[in-house]
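Positions in the sequence shown are counted from 1; adding 44 to them yields my numbering.
Note that beta-carbon positions come from the ideal geometry of N, C-alpha and C, so glycine has one too.
Remember, predicted model here, so these are calculated numbers, not experimental data.
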Amino acid sequence: MKKYSIFLLMVLLGCRATQDAVEYGVSISPLSQPDKSYSTRMNTPLKINYVVEKDESSINPKLVLSKNPSFGKLDDCEMQELSFECTYIPYHNFAGVDTIEVRAIDGEITAKKDAVISIHVIDPSNHPPKVGANQTFLGEQNQVITIVTNEGEDSDSSKYELNYIVYSPPQNGELINCFQGTGVNYCQYKPHHNFIGTDEFSYRVKDKDGNFSLQAAKVSLEVTPKLMNGEEIFHEAQNKIVNSVDITWIIDNSGSMQNDQERLKLNFESFIQNFLKDENGNKTSQYPFKMGVTTTEAYRSGKTKMSEESPGQMFELTSAAAEANYQKFVEDFKSAVGVGVAGSGNEKALLSGREIYKNYSSWYGGNDSLSVYIIVSDEMEQSLAKDKDNKGVAYLDSDNQAYTIERWVQEYQQTKDNPSKVRIFPIIMKSSDHGMVKGDMGGHYRKVAELSGGKVYDLVESFDEVLDGMAQSITYLFGSYLLKGDRVIDANTIQVKINNQVVTNWTYENYALKFNSSPPAGSTIKVSYKYYLK
Numbered sequence: 045m046k047k048y049s050i051f052l053l054m055v056l057l058g059c060r061a062t063q064d065a066v067e068y069g070v071s072i073s074p075l076s077q078p079d080k081s082y083s084t085r086m087n088t089p090l091k092i093n094y095v096v097e098k099d100e101s102s103i104n105p106k107l108v109l110s111k112n113p114s115f116g117k118l119d120d121c122e123m124q125e126l127s128f129e130c131t132y133i134p135y136h137n138f139a140g141v142d143t144i145e146v147r148a149i150d151g152e153i154t155a156k157k158d159a160v161i162s163i164h165v166i167d168p169s170n171h172p173p174k175v176g177a178n179q180t181f182l183g184e185q186n187q188v189i190t191i192v193t194n195e196g197e198d199s200d201s202s203k204y205e206l207n208y209i210v211y212s213p214p215q216n217g218e219l220i221n222c223f224q225g226t227g228v229n230y231c232q233y234k235p236h237h238n239f240i241g242t243d244e245f246s247y248r249v250k251d252k253d254g255n256f257s258l259q260a261a262k263v264s265l266e267v268t269p270k271l272m273n274g275e276e277i278f279h280e281a282q283n284k285i286v287n288s289v290d291i292t293w294i295i296d297n298s299g300s301m302q303n304d305q306e307r308l309k310l311n312f313e314s315f316i317q318n319f320l321k322d323e324n325g326n327k328t329s330q331y332p333f334k335m336g337v338t339t340t341e342a343y344r345s346g347k348t349k350m351s352e353e354s355p356g357q358m359f360e361l362t363s364a365a366a367e368a369n370y371q372k373f374v375e376d377f378k379s380a381v382g383v384g385v386a387g388s389g390n391e392k393a394l395l396s397g398r399e400i401y402k403n404y405s406s407w408y409g410g411n412d413s414l415s416v417y418i419i420v421s422d423e424m425e426q427s428l429a430k431d432k433d434n435k436g437v438a439y440l441d442s443d444n445q446a447y448t449i450e451r452w453v454q455e456y457q458q459t460k461d462n463p464s465k466v467r468i469f470p471i472i473m474k475s476s477d478h479g480m481v482k483g484d485m486g487g488h489y490r491k492v493a494e495l496s497g498g499k500v501y502d503l504v505e506s507f508d509e510v511l512d513g514m515a516q517s518i519t520y521l522f523g524s525y526l527l528k529g530d531r532v533i534d535a536n537t538i539q540v541k542i543n544n545q546v547v548t549n550w551t552y553e554n555y556a557l558k559f560n561s562s563p564p565a566g567s568t569i570k571v572s573y574k575y576y577l578k
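Rendered as structure tokens:
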């Protein structure tokens with residue numbers, strides 16, 4: 045008899061072990077989803093009936109209330125062994141989601157997770173949802189920024205039933221893993237390669253009834269540079285900087301440019317005087333130079349010509365010609381820049397400059413010369429467009445890859461061993477406020493100048509001052525040591541050493557380091573700084 049009792053006790057203990065393995069023998073219906081949802085209208089009581097199903101291994105299951113509602117009260121409650129019955133009364137005019145939590149207990153064993161009873165109190169007017177406040181997120185260059193937006197609100201849906209929809213995408217990056225699923229307010233922003241600056245996108249929320257928020261929330265993204273340590277070493281006897289300059293003038297020859305071409309002719313000497321000096325009544329060049337003149341339609345078949353005096357003959361616009369006969373040199377330049385006004389209104393200065401370089405590659409100097417491109421135009425740059433009838437489509441290469449301003453500048457810079465040896469100076473209509481011209485729409489020319497280390501000038505300003513200032517910027521580069529042009533250098537962090545001794549007798553401007561007096565013969569010059577990639 046005792047043996048049978050011991051056997052029965054072991055069976056019962058075994059049942060309790062199994063009970064613990066299956067959530068302690070407590071099973072809340074439905075088994076796969078213990079939480080439950082109810083809904084009621086605003087200011088309308090709700091009868092709640094919540095039942096616990098007894099598992100065959102349960103001994104003494106029961107329910108207890110573990111959390112009261114936050115936006116209403118419970119009344120007329122009856123807590124029985126296997127059920128929970130109550131009347132939920134929402135507070136006056138409350139609309140939204142309230143919750144109650146109950147806990148299942150079987151003897152001394154408690155369920156691992158409380159069951160949540162969600163009560164959706166619906167506003168019968170079906171108001172649209174509301175987005176959260178605008179936000180700003182910070183990140184570093186070339187790094188993904190994680191975004192968790194403020195939660196939306198809705199009077200007739202829970203926050204878990206809202207969908208977040210991108211309303212306007214960012215312009216300088218892309219969104220990835222963004223708002224994937226109902227109730228998900230998580231997104232990631234991947235800035236374009238080497239982008240620095242501020243970007244933004246906006247989003248709206250949509251409720252379960254398909255109503256969109258009336259307003260969109262804005263997410264601002266501030267991408268800061270990732271500073272790195274840079275160091276360049278020059279040897280005084282070996283790293284002499286450029287000793288000559290090739291200047292290509294790309295002149296707009298469309299119908300609105302006649303007056304500006306005349307202004308360029310009249311004020312040219314303000315430019316060239318910076319390259320020459322008077323010696324006993326004669327002009328002597330301070331730096332060897334040569335100039336060529338073309339148009340913004342040189343990309344067109346049969347129009348790829350430079351400084352054409354007659355078919356097959358170029359004007360000689362060189363420092364040697366200026367020294368030999370200065371007045372003839374000036375008159376030849378004036379003739380060359382009189383390119384007329386019958387050209388294409390589809391101005392593509394960057395594409396034209398590239399075609400000129402390809403057609404006249406032997407005219408350009410090597411790595412010991414500086415290449416300067418001066419663009420004079422009162423219209424927007426259109427080299428990013430395929431053709432006149434399809435201006436919105438990016439210019440494509442032979443592999444069907446779209447060009448960007450960055451890529452155009454890189455193509456120019458790749459003609460030299462150091463990007464700093466190529467500079468682009470646009471003289472353009474900075475805005476469209478003057479006359480009927482479109483101006484620098486999109487800021488293309490300004491971006492070109494920034495990326496190439498050049499400078500942009502306004503066509504409406506005094507040509508005398510514009511040309512003089514531009515020439516000074518160019519001549520400053522002579523006698524300078526050119527730092528690498530593929531980066532943005534923080535000028536405040538530059539330190540210069542000659543033969544390991546810190547020196548301060550230098551100036552710096554646009555990648556050009558210039559000493560007030562020449563370094564000792566044979567010396568080693570070390571330049572260190574902080575920078576980030578363009």
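In terms of CA proximity to VAL192, ALA261 leads the group TYR525, ALA261, ASN93. In this structure, DSSP gives PHE469 an extended state, which the three-state scheme calls strand. Counting along the chain, the unbroken beta strand (DSSP E) around ASN273 starts and ends at 272-279.
In the DSSP assignment, the residues bridged to ASN93 are GLU129. Beyond the five residues adjoining it in sequence on each side, SER379 comes within less than 8 Å, by CB distance, of GLU353, PHE359 in the same chain, given in chain order. The alpha-carbon of GLU391 is positioned some 36 Å away from that of VAL210.
For SER329, the closest C-alpha among the options ASP79, GLU276, LEU495, ASN318 is that of ASN318. Judged by DSSP secondary structure, SER81 falls within the beta strand (DSSP E) whose first and last residues are 80-85. Beta bridge pairing from DSSP links VAL165 with THR84, GLY140. In this structure, the alpha-carbon of GLN545 lies about 26 Å from that of ASN462. With contacts defined by Cβ atoms closer than 7 Å, PHE181 and ILE569 do not form a contacting pair. Going by C-alpha positions, SER524 is about 20 Å away from ASP512. In this structure ILE294 is in contact with TYR417, their Cβ atoms being roughly 6 Å apart against a cut-off of 8 Å.
Buried is the label assigned to ASP290, since at least 16 other Cβ atoms lie within 10 Å of its Cβ.
If one requires a minimum length of 4 residues, the alpha helix (DSSP H) runs lying completely within the segment 279-323 are 302-316, in chain order. The straight-line gap separating the alpha-carbon atoms of GLU341 and PRO213 is approximately 35 Å.
Taking the Cα of VAL146 as reference, the smallest distance to any Cα among LEU109, TYR230, ILE449, TYR555 is reached at LEU109. Scanning its chain for C-beta atoms nearer than 6 Å, with the 5 sequence neighbours on each side dropped, one finds around ILE133 the residues PRO89, GLY116, LYS117, ASP119, in chain order. Around the beta carbon of LYS111, fewer than 16 other beta carbons sit within 10 angstroms, so the residue counts as exposed. Judged by pairs of C-beta atoms under 8 Å, the segment 531-538 does not touch the segment 502-522, as fewer than three such pairs exist.
Within the model, the alpha-carbon separation for LYS349 versus ASN560 is close to 41 Å. Among the bridge pairs identified by DSSP, MET358 is matched with GLU352.
DSSP places GLU399 within a helical segment (H, G or I) once states are collapsed to three. Boundaries of the beta strand (DSSP E) around PHE333: 333-339.
Annotated as distal: GLY217 and LYS203, with beta-carbon spacing of 7 Å or more. As for any beta strand (DSSP E) of minimum length 3 sitting wholly inside the segment 175-263, the runs are 179-184, 189-192, 207-212, 217-220, 230-235, 241-250, ordered along the chain. Note that the segment 454-473 touches the segment 500-508; at least 3 beta-carbon pairs, one per stretch, sit closer than 8 Å. In this structure, the CA atom of GLU306 is about 59 Å from the CA atom of TYR230. Contact holds between the segment 163-177 and the segment 128-143, because three or more Cβ pairs, one in each stretch, are under 8 Å apart. Scanning THR459, ASP304, TYR247 for the CA closest to the CA of SER496 turns up THR459.
The beta-carbon separation of SER257 and LYS174, rounded to 6 Å, stays under the 8 Å limit for a contact.
In the DSSP assignment, VAL420 falls within the unbroken beta strand (DSSP E) covering 413-421.
Looking at the DSSP output, PHE559 bridges to TRP550. DSSP, read as helix, strand or coil, puts SER114 in coil. Bounds of any alpha helix (DSSP H) do not take in ILE533; it lies within the beta strand (DSSP E) bounded by 531-533.
LEU495 carries a helical assignment under DSSP once its states are collapsed to helix, strand and coil.
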